[in-house]
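To keep things clear, I will list the structure first and then write my remarks on it.
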Amino acid sequence: MLIEVENLKKTFHVAERQSGLAGAVKGLVRRKTREVCALSGISFQIGQGELVGYIGPNGAGKSTTVKTLSGILVPDSGKCTVDGRTPWLERIEHVRRIGVVFGQRTQLWWDLPVRESFDLLRDIYSIPTDEYRRAFDEMVHFLDLQSLLSTPVRQLSLGQRMRCDIAAALLHAPPILFLDEPTIGLDAVSKIAVRQFIARINRERKVTVILTTHDMDDIEALCSRVMVIGSGRILSDGSIADLRNRVSQDRILMVDLADASDVDGDIEGPWNTCTIAGGRMTIRYSPTQIATADLISKITSKYTVRDLYVENPPIEEVIAQLYRNHAQ
Amino acid sequence: MKPYTALLRVRFLTLLQYRNAAMAGVVTQLFWGLIRTMIFEAFYASSTVRQPLTKGQLVTYIWLGQALLGLLPWSTDTELRDRMRSGAVVYDLLRPVDLYSHWYCSAIAARTAPTVLKSIPIFLIAGVFFGLSAPASPQAALAWVALTFCALLLNCAFSVLISTSMLWTVSGEGISRLAPTVVYALSGMMVPLVFFPAWLQPALNILPFRSMVDIPFRIYSGAIPATMALNYAIYTLSWAASLIVAGRVCLSRGMRRMVVQGG
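Protein chains in written order, with my numbering: chain L, 1 to 328; chain S, 329 to 591.
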């Protein structure tokens, strides 16, 4: 296994004070700290070439995990090996083999043109000239950076900056890539460009990718495997289909009725909910209650149907449900 | 070495772009230099006691101070401070370079680049118009260059040490205001150390700060013979080495307790 994490724990101490003047004065005398458990013993394994989505609500421990895996944070206890090394013990050797992008901050030098930032990274990573040349050309080509190279980083738009940031993380050809919210704040075109690129390097260069995001479309478009973390614990680890099955097997049948004059309202039946509104009937049901084929024949026998289709509940809803289940 | 020289070079070149700030700095420094010269002239005129520095040496001392003020570790690396506050410092840890050396290189650039820009006009103007004299002798000039270089190494060690303290305090506001005052006073930048009371001299001789200003400046003007340079170089470099060790220890301790907040 390329990445092995076993029972990793990390606690932060957060200073607390009561609000108002009295609280501030009290805080001078006695500092109260509260322990916040960011990771309460997580374990997982990731093989070479996998593209794993890592999701969870804000404050669940996603970034803490990524920062630990990349050698920035030292955990309180637990084991973690990446490519045979413990990140925080052999930091320098370790970071040569990983690329990291934090979507919310740039790793480029604010005042330098993109090109110079890249050249500086070449020197920092001591990348041999011909390898650098090759990686550089590849990035410029795939991420369409040619027109940005001489622009100072501070003048780039967010989408442009993110493309440059991703390129910067890959110039030294790391076999492992950590992406922490790489699509945050991007417009649709940039998002798709970033996603296609991630898929491509995973497919062609066999780069192992861990992707944290709040954008479920990223996950659905890219990841064959999803790990869900909540309150410092892994809640679910598997394919998106597994995740759906675990949380809820509900399906949604949408029926467009030919006769829009049918009354709006709810209809009772062997399903969870069924509502008609504006000529569209939406039935939420579970295949364990009624088989999809039976349901359809039941509907078509009663109504004149213009069109119908079955879909899964939006993945957002599934995840939100999982978070809620866990919180209870 | 290449990663470090690259980091140093890029930071140096970036800082060289701040020409307007340097121009403003030159004007400020000339202004302060003139005021300080006048104060000391009044002081010399009103005193009948024989002073430890001749007037010419003193004026030279003042103008050297104005020209080389930027070398003093009297502000922490603001760029590093911003990176720490914003959390962008995580990227420093993602580079396959030794963190202390990385910061030390930044400190060298931060100390030298603005000084290069500011010191040349000040040397010229003060030399032509305001009584900054040439080094006492070629030996003195050589010794001064060597000791200034040693002082640079010491100054950077000091400023990185101050920067690492921010791993504990987050804002870094307190120490980065306190440290400059201490440096400014005890290095001899404010008043040459020979004017300090005798009972304070043993302490001043032990502390590292006089290597930053007092020693190289007095070597320059011949108030300390150039033959003493080697001793003082050793003194300065041993302090630099101690502060580097201290900085490394602080850094590795601090990193272990570091918290990177937010996304």
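By construction, the Cβ of each residue, glycine as well, lies at the ideal position given by its N, Cα and C atoms.
Own chain residues within Cβ distance below 7 Å of residue i, not counting five before or after
| i | result |
| --- | --- |
| L:PHE142 | PHE197 and ARG200 |
| S:LEU408 | TRP431, SER434 and SER491 |
| L:PRO287 | GLN249 and ARG251 |
| S:ALA468 | ILE547, TYR548, GLY550 and ALA554 |
| S:ALA350 | PRO442, LEU445 and LYS446 |
| L:GLU50 | THR208 and ARG225 |
| L:HIS13 | THR33 and GLU35 |
| S:ALA334 | none |
| L:ASP237 | PHE44 and MET227 |
| L:ILE299 | VAL255 and VAL305 |
CB contact check: residue i to chain L, cutoff 8 Å
| i | result |
| --- | --- |
| S:GLY384 | no |
| S:ARG423 | yes |
| S:ARG584 | yes |
| S:VAL473 | no |
| S:ALA334 | yes |
| S:THR564 | no |
| S:ALA416 | yes |
| S:THR388 | no |
| S:VAL342 | Here residue 342 of chain S turns out to be Thr, not Val, going by the sequence shown. Yes, because at least one Cβ of chain L sits closer than 8 Å to the Cβ of S:THR342. |
| S:PRO442 | no |
| S:TYR432 | no |
| S:TYR346 | no |
| S:TYR419 | yes |
| S:VAL577 | no |
| S:PRO331 | yes |
| S:VAL338 | yes |
Under 8 Å between C-beta atoms of residue i and residue j
| i | j | result |
| --- | --- | --- |
| L:ASP336 | L:ARG97 | Since the first and last residues shown for chain L are 1 and 328, residue 336 of chain L lies out of range. |
| L:GLY53 | L:ILE219 | yes |
| L:GLN18 | L:LYS10 | no |
| S:ILE450 | S:ALA395 | yes |
| S:TRP472 | S:PRO466 | no |
| L:ILE176 | L:THR208 | yes |
| S:PRO331 | L:ILE192 | no |
| S:THR623 | S:LEU495 | The first residue shown for chain S is 329 and the last is 591, placing residue 623 of chain S beyond what the model contains. |
| S:LEU460 | S:ALA454 | yes |
| S:LEU506 | S:CYS578 | no |
| S:ARG439 | S:LEU399 | yes |
| L:VAL114 | L:LEU170 | no |
| L:LEU322 | L:LEU235 | yes |
| S:ALA561 | S:CYS478 | yes |
| S:ARG538 | S:LEU521 | yes |
| L:LEU257 | L:VAL189 | no |
| L:THR282 | L:VAL310 | no |
| S:PRO508 | S:TRP402 | yes |
| L:ALA168 | L:LEU211 | no |
| L:GLY78 | L:GLY41 | yes |
Test: residue i CB closer than 8 Å to a CB of chain S
| i | result |
| --- | --- |
| L:LEU69 | no |
| L:LEU120 | yes |
| L:SER126 | yes |
| L:LEU112 | yes |
| L:PHE102 | yes |
| L:THR130 | A quick correction: the sequence has Asp, not Thr, at residue 130 of chain L. Not one chain S Cβ lies under 8 Å of L:ASP130. |
| L:ASP123 | yes |
| L:ARG96 | yes |
| L:ARG105 | yes |
| L:TRP109 | yes |
Same chain only: Cβ atoms within 6 Å of residue i, ignoring 5 sequence neighbours per side
| i | result |
| --- | --- |
| L:TRP88 | GLY71 and VAL74 |
| L:LEU308 | VAL255 |
| L:CYS37 | THR11 and GLY232 |
| S:ARG423 | none |
| L:ASP266 | THR275 |
| L:ILE319 | none |
| L:ALA135 | LEU171 and ALA173 |
| S:GLY393 | MET517 |
Short of 8 Å Cβ to Cβ, which residues in the segment 461 to 489 of chain S face chain L? For the segment 461 to 489 of chain S, which is checked against every Cβ of chain L, not one residue is closer than 8 Å.
With 9 Å as the C-beta to C-beta threshold (strictly closer), list the residues of the segment 59 to 92 of chain L near chain S in chain order. Contact residues of the segment 59 to 92 of chain L toward chain S are LYS62, SER63, THR64, LYS67, SER70, GLY71, ILE72, LEU73, VAL74, TRP88, ARG91 and ILE92 (C-beta to C-beta distance below 9 Å).
Just to confirm the assignment: which complete alpha helix (DSSP H) runs, minimum length 4, are found wholly within the segment 144 to 174 of chain L? Inside the segment 144 to 174 of chain L, DSSP marks whole alpha helix (DSSP H) runs of 4 or more residues at positions 158 to 170, from first to last along the chain.
Curious, which full-length alpha helix (DSSP H) runs of at least 4 residues does the segment 486 to 555 of chain S contain? The segment 486 to 555 of chain S contains these whole alpha helix (DSSP H) runs: 501 to 514, 529 to 534 and 542 to 549.
Inside the segment 168 to 250 of chain L only - alpha helix (DSSP H) runs reaching at least 4 residues: DSSP runs (the alpha helix (DSSP H)) wholly in the segment 168 to 250 of chain L: 188 to 204, 216 to 222 and 240 to 247.
Could you name each continuous alpha helix (DSSP H) segment of 4 residues or more that falls completely within the segment 76 to 102 of chain L, going from the start of the chain to the end? Listed in chain order, they are 91 to 96.
Continuous alpha helix (DSSP H) assignments of at least 4 residues falling wholly in the segment 382 to 416 of chain S: Within the segment 382 to 416 of chain S, the complete alpha helix (DSSP H) runs of at least 4 residues are 383 to 396 and 406 to 414.
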